[in-house]
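Counted from 1, the first sequence has number 970 at position 70 by my numbering; the numbering is strictly sequential.
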Amino acid sequence: MSDPFALDDEALPPSPPAAGPLVVPADAPWLVGLNPEQHQAVTTLDGPLLVLSGAGTGKTRVLTARLAHLLASRQAQPWQCLAVTFTNRAAREMRERVTALIGPIANDLWLGTFHSLCLRILRRHAEAVGLTREFTILDADDQIRLLKRVIEEEGFDPKSCPPPAVMAQIQRWKDRGLSPDKLPPPRADDVIAVRAAVLYRPYQQRLLGLNACDFGDLLLHVLTLFLTDESVLRQWQGRFRYLLVDEYQDTNVAQYLWLRLLAQAHHNICCVGDDDQSIYSWRGAEIGNILRFEQDFPGAQLVRLERNYRSTPPILAAAAGLIAHNQGRLGKTLRPGRPHDPETVEPVRSRAVWDGEAEARMVVETIEGWRRRGEPLSGIAILVRVGFQTREFEERLIATGVPYRVIGGPRFYERAEIRDALAYLRLVISPSDSLAFERIINQPKRGLGAVALAELAGLARVQGVPMLEAARRAVADGQMKPRPRKALAAFVTDLDHWRSLRDDLPPEELTATVLEESGYIAMWREDKAPDAPGRVENLSELIAAIAEYESVASFLEHVALVMENDAQAEGDRVVVMTLHGAKGLEFDSVFLPGWEEDLFPHARALEESNNKGLEEERRLAYVGLTRARRRVVISFAANRRIYNQWRPQTPSRFLAEIPDREIVREAASGLFAGGGAVSPRRRGAFAIGARVSHAQFGFGTVLSVDGSTLRVAFDEAGPRTLRDTYVTAV
DNA sequence: TACTCAGGCTTTTTT
DNA sequence: AGCCTGAGTA
């Protein structure tokens, strides 16, 4: 029987004989060495299954073994299996490992991130949602620019209506599967939401006009399609007989609905996750999805993986002690899955330091000590809460000559020169991409500034055509002033020329040609700025990267989906990255700096109601601790400079939550009264009428107190609303 | 049209 | 402190 839902444009591999399931021998390579729980998770193929997989319990191994088992037992053809991950890295790793187990048949699995799989589906039904097959995907930057334009067109002031905040709101709606027509009326007191509700529909319309969608749309469009066109839904439901979901605790409502719809026909859905590692609620993730699994999928089986093969007993105990402070967990206790030599096991340590600089010095000196003893640097990670913390470590590592790598900094595809180059390519591929047009029309300078652009935009709007087409018509009809018209004419001719080369040149040559002939690369070669040579280099790197792809179009698609930094640290280097970035990774030794109130847990998280934010911060701390195989060094500073302002810091409450017998507290005397076990500073201690001072606004009087938010009448600056941490009592 | 300067705002985490 | 934006000027 061949795949009854085969889509015309996909060649399917030959089908197996219609025989029943094959019996997989007990010594199949993917089954050997599994512990009983892992074995159960791998071989329970039918019906809903939730695998609660703690940190370091062999989750990836189970996932890959399960896929191998599924295919080897002929329960399903590879194209009938949908395996979803959150990161491209996880998808790649899974595919490689399954291929290693059962061979190239794994290539036919539907395996990828939610976004890449949705894109694949959406390409086939683009017309149904008002796009053409060649629609483009906007990145975060383009989204904001487009939204800003919509805000202006709708008559709002971008200052009182900040595009990033509105974008975040729209994104959150998309995360919840809410298209403009499903939007419930927003709360009247939520100013941003009220504005966003007005702007959402025109924003979506502008996207369609550009034949584009944003990241969230990939899911939302497919979801809408499934809900409105039953035949399409049935087609995909029927196709995917087995669903496998990684990091289920991080799914948002839209993803959950999507999975539910797809699982409806066959009910074979296996979700793997760990409620204690849910750290993406700010991105719309719903921890409730995993907590509710057994209700959502009746008859669900549950397997707990609790044997940890990664960390030493003290690290596990410290992590367990910490996470026990969270409410509403599914409950799970990690225990060592292998023996540890008590002689060599090291305790978790915490160290107090004077300030951020001293912290960096302490960390790097410790690293140098290990290095002298011959330990590899590649097993060492510095995991920070927020990006700006990396700077001090970077400086210290440079000063001491310790090789390092910062992961997650400014990303390659987000650099201005790369985005410009990509905009050129986008315009060559899709002439209707007006955002790309606007980005590069005067880059390099062609004498087409704001004035000419505004005129052109007006023409485009009136005629209802993309900017490039408007330019073409303006040239032909002799509109606009002679000078900009000439410049436009040359530009349009160039573009036509490049487009004509599109099918004849390999992608990297086409790219090189465009960047040379447009004068774009020359612009940077002639630039005297100190960073200009680096930019030229980046452009060469881009051209080299494109050589790996079949076409410029497929490269652009890759870039749109792979916004993550997949470059792992190569060579023997210390890794510096955020805690979020570290999820799923492991290291011999882990430094956890900045364990101070308001930094970790972060002040913004503490503003959330019902301890939700705090609990997520605690899970983040848990993730950090459980990255380590053998050593954890936590640190906190007495003073830290934030926004160029020195602030006395208080040790994180999380330090006090790690049981005393699991941690050695190495406090420098005199910095803190209690050497790190100090209880957090009391908040909201300002009384109405109290006098306070602020670094910028000067002196003032407290008008009202709402939790940690104060309303203060400043003597000079007038009334302001701000967080209590920014003022001091006088 | 392009450049310079002042002022405001930022920074939580990212597919 | 730095970055971006908008206003003002060559």
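A virtual CB, placed ideally from N, CA and C, is assigned to each residue, including glycine.
- In this structure, the alpha-carbon of G1237 lies about 21 Å from that of G1279.
- The DSSP-derived three-state label of G1173 is strand.
- Assignment of M1367 by DSSP, reduced to helix, strand and coil, places it in the helix class.
- Counting along the chain, T1013 sits inside the beta strand (DSSP E) bounded by residues 1010 to 1013.
- Proximity of the stretch 1476 to 1494 to the stretch 1293 to 1312 meets the contact definition, three or more beta-carbon pairs being nearer than 8 Å.
- Classified as buried, R1553 has 16 or more neighbouring CB atoms from the shown chains inside 10 Å of its CB.
- Contact annotation, L1356 with A1376: C-beta distance approximately 14 Å; criterion of less than 8 Å not satisfied.
- Bridge partners of Q1201 according to DSSP: L949.
- Every unbroken stretch of the alpha helix (DSSP H) spanning 4 or more residues and falling wholly within the stretch 1190 to 1234 is given here in chain order: 1193 to 1196, 1213 to 1223.
- Taking 8 Å as the cut-off, the beta carbon of R1435 is found no closer than this to the beta carbon of D1041.
- Close CB contacts of S1181 within its chain, under the 6 Å cut and outside five residues either way in sequence, are with E1516 (chain order).
- The Cβ atoms of I1187 and Q1155 do not sit closer than 8 Å to each other.
- Taking every protein chain shown into account, the CB of T1290 has 16 or more other CB atoms within 10 angstroms, so this residue is buried.
- For W1398, the closest alpha carbon among the candidates A968, V1328, E1441 is that of V1328.
- Beta-bridge analysis with DSSP links G1301 to no other residue.
- Taking a cut-off of 8 Å on C-beta distances, the stretch 1415 to 1432 does not touch the stretch 1258 to 1269, as fewer than three cross pairs fall below it.
- Here N1152 is bridged, per DSSP, to A1185.
- The stretch 1520 to 1539 makes contact with the stretch 1246 to 1254; the number of CB pairs closer than 8 Å reaches 3 or more.
- Residue environment analysis places P1242 among the exposed positions, since fewer than 16 neighbouring C-beta atoms fall within 10 angstroms of its C-beta.
- With contacts defined as CB atoms closer than 8 Å, A955 and Q1177 qualify as a contacting pair.
- Its chain contains I1051, R1095 as the residues whose beta carbon lies nearer than 7 Å to that of C1061, once the 5 sequence neighbours on both sides are disregarded; these appear in chain order.
- Beyond the five residues adjoining it in sequence on each side, L1157 comes within less than 7 Å, by CB distance, of G1077, L1123 in the same chain, given in chain order.
- For Y1180, no pairing in a beta bridge is given by DSSP.
- A straight-line Cα-Cα distance of about 15 Å links R1023 and L1456.
- Exposure of Q1227 is indicated by the presence of fewer than 16 other C-beta atoms within 10 angstroms of its C-beta.
- K1483 sits buried, since 16 or more C-beta atoms from the chains shown fall within 10 Å of its C-beta.
- As a beta-bridge residue in DSSP terms, M1477 pairs with L1283.
- If you look at Y1142, you'll find it isn't in any alpha helix (DSSP H); it sits in the beta strand (DSSP E) that goes 1142 to 1145.
- Shown here, H1502 sits in a strand according to DSSP, grouped into three states.
- Annotation: the continuous alpha helix (DSSP H) that includes F1391 extends over 1382 to 1401.
- In this model, C1170 and Y1142 are separated by some 8 Å (Cα to Cα).
- The beta carbon of L1353 is closer than 8 Å to those of E1338, I1341, N1342 in its chain, skipping five residues each way along the sequence.
- With contacts defined as CB atoms closer than 8 Å, L1001 and T964 qualify as a contacting pair.
- Around V1132, the same chain offers H1025, A1028, L1125, F1126 as residues with beta carbons nearer than 8 Å, after the five sequence neighbours per side are excluded.
- Straight-line spacing of the CA atoms in E1130 and V1306 works out to 47 Å.
- In the three-state DSSP reduction, E996 falls in the helix class (H, G or I).
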